[in-house]
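K.L.:
Note that this note's numbering has the sequence shown beginning at 11, numbered continuously upward.
I'd like to ask some things about the structure below.
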Amino acid sequence: MKISLPGKIGLAAFLLFDIFLAIYLFNLYGLSSDRDTLVELRDIGVSIYPDQSKLTEFSLLDQTGSEFSNSDLDNRWSLIYFGFTACPDICPLTMAELEQFYIALDESEREDLSIILVTVDPTRDTPEEMAAYVGQFHEDFRGLTGDFETISLLADDLFVVHEVAGSENSDENGHDDHVEQLPPVGEDYLINHSGHISIINPQGLRFAVMRPPHRDQDIATAFRTIKNF
């Protein structure tokens, strides 16, 4: 399958990150049994952060129009993916893999798990649009939207790069400091964005990251391993 530009951005953005993180973790855990687990996770594209940290305080809206903030991440595992409803390739593919992963879980495994899509296109992705989109995959999935600045701050916390395709703000590698605003409603545009899944633990801490390409069986392996780490 041909990898789209957003997919390439996600892969490139985390190549060096993964190499340095792997070296750090190897030295951190030495010859302990934890090291073997970390190697197994890394083989399926998952890296556990050596220092878990709280996310910046945020307040967004879910697909019902209700407030969603940091406290909604407490007491459950959360898999967070950034995308947008008009995304032609990587987003629906990733959401479909998350759907297959989720429906294959036992009911008891779902009780403390949230699958969350955060839009990088809040101008077009209203709560109603998010409801229609995430509802295509599973009724339990959450879709978050809100003001662009808050979304960008949360994206920064989770190392998500996003920009309007063809933006003058981007450099030769397709990276920027995030556009200050999106094009007005009515304009046709795409958004380049990282494709990784962020994993937040029940304490609301940034715990791990899973790089694309995503496969439902790998997500399941990562989820079950991390819960017992």
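Don't be surprised by glycine CBs; every beta carbon is placed ideally from N, CA and C.
If contacts are defined as beta-carbon pairs under 8 Å, then residue 208 and residue 90 qualify, I think. What distance do you get, rounded to the angstrom?
P.N.:
For the purposes of this step, residue 208 is taken as residue 198 along the sequence shown, with counting starting at 1. For the purposes of this step, residue 90 is taken as residue 80 along the sequence shown, with counting starting at 1. Residue 208 to residue 90, Cβ: 4 Å. Contact.
K.L.:
Across which residues does DSSP place residue 88 in a beta bridge pair?
P.N.:
Locating residue 88 in the sequence shown gives position 78, where the first residue counts as 1. The partner list for residue 88 (beta bridge, DSSP) reads 124 and 210.
K.L.:
Roughly how far, in whole angstroms, is the beta-carbon of residue 175 from the beta-carbon of residue 202, given that I think they are within contact range, below 8 Å?
P.N.:
Along the sequence shown, read from residue 1 onward, the residue named residue 175 stands at position 165. Along the sequence shown, read from residue 1 onward, the residue named residue 202 stands at position 192. 5 Å between Cβ atoms; contact.
K.L.:
Counting only the same chain and skipping the five closest in sequence on each side, list residues whose C-beta sits under 7 Å from that of residue 231.
P.N.:
Position 221 of the sequence shown holds residue 231. Here the set comprises 54.
K.L.:
In chain order, what are the residue ranges of uninterrupted beta strand (DSSP E) at least 3 long that sit wholly in the segment 104-172?
P.N.:
Listed in chain order, the complete beta strand (DSSP E) runs (minimum 3 residues) inside the segment 104-172 are 123-129 and 152-154.
K.L.:
Give me the Cβ distance between residue 139 and residue 95, rounded to the nearest whole Å; I'm assuming they're in contact under 8 Å.
P.N.:
Your numbering for residue 139 matches position 129 in the sequence shown. Your numbering for residue 95 matches position 85 in the sequence shown. Sure, about 5 Å apart at Cβ, within 8 Å.
K.L.:
Go ahead and pull the three-state DSSP assignment for residue 67.
P.N.:
Numbered from its first residue, the sequence shown carries residue 67 at position 57. It is coil, neither helix nor strand.
K.L.:
Are residue 147 and residue 83 touching if we call contact CB-CB under 8 Å?
P.N.:
Counting from 1 along the sequence shown, the entry for residue 147 is found at position 137. Counting from 1 along the sequence shown, the entry for residue 83 is found at position 73. No. Outside cutoff.
K.L.:
How should residue 247 be labelled, buried or exposed, when 16 other C-beta atoms within 10 angstroms of its C-beta is the threshold for buried?
P.N.:
Examination of residue 247 is not possible in this model, given that the chain is present from 11 through 239 alone.
K.L.:
Nearest-angstrom Cα distance between residue 101 and residue 46?
P.N.:
Numbered from its first residue, the sequence shown carries residue 101 at position 91. Numbered from its first residue, the sequence shown carries residue 46 at position 36. For residue 101 and residue 46, the distance between alpha carbons rounds to 31 Å.
K.L.:
Which word fits residue 157, buried or exposed, when buried means at least 16 other C-beta atoms lie within 10 angstroms of its C-beta?
P.N.:
Taking the sequence shown and counting its residues from 1, the one referred to as residue 157 is at position 147. Exposed, because fewer than 16 other Cβ atoms sit within 10 Å of the Cβ of residue 157.
K.L.:
In the DSSP assignment, find the alpha helix (DSSP H) that holds residue 232 and state where it starts and stops.
P.N.:
By 1-based counting over the sequence shown, the position of residue 232 is 222. 226-237 is the span of the alpha helix (DSSP H), which, as asked, contains residue 232.
K.L.:
Please classify residue 88 as buried or exposed, where buried requires at least 16 other C-beta atoms within 10 Å of its C-beta.
P.N.:
Counting from 1 along the sequence shown, the entry for residue 88 is found at position 78. Under this definition residue 88 is a buried residue.
K.L.:
For residue 173, count the other beta carbons within 10 Å of its own beta carbon; 16 or more makes it buried, fewer makes it exposed. Which is it?
P.N.:
Sequence index remark: in the sequence shown, residue 173 carries index 163 (1-based). Buried.
K.L.:
What first and last residue would you give for the beta strand (DSSP E) that runs through residue 201?
P.N.:
Counted from its first residue, the sequence shown places residue 201 at position 191. Unbroken beta strand (DSSP E) run through residue 201: 201-203.
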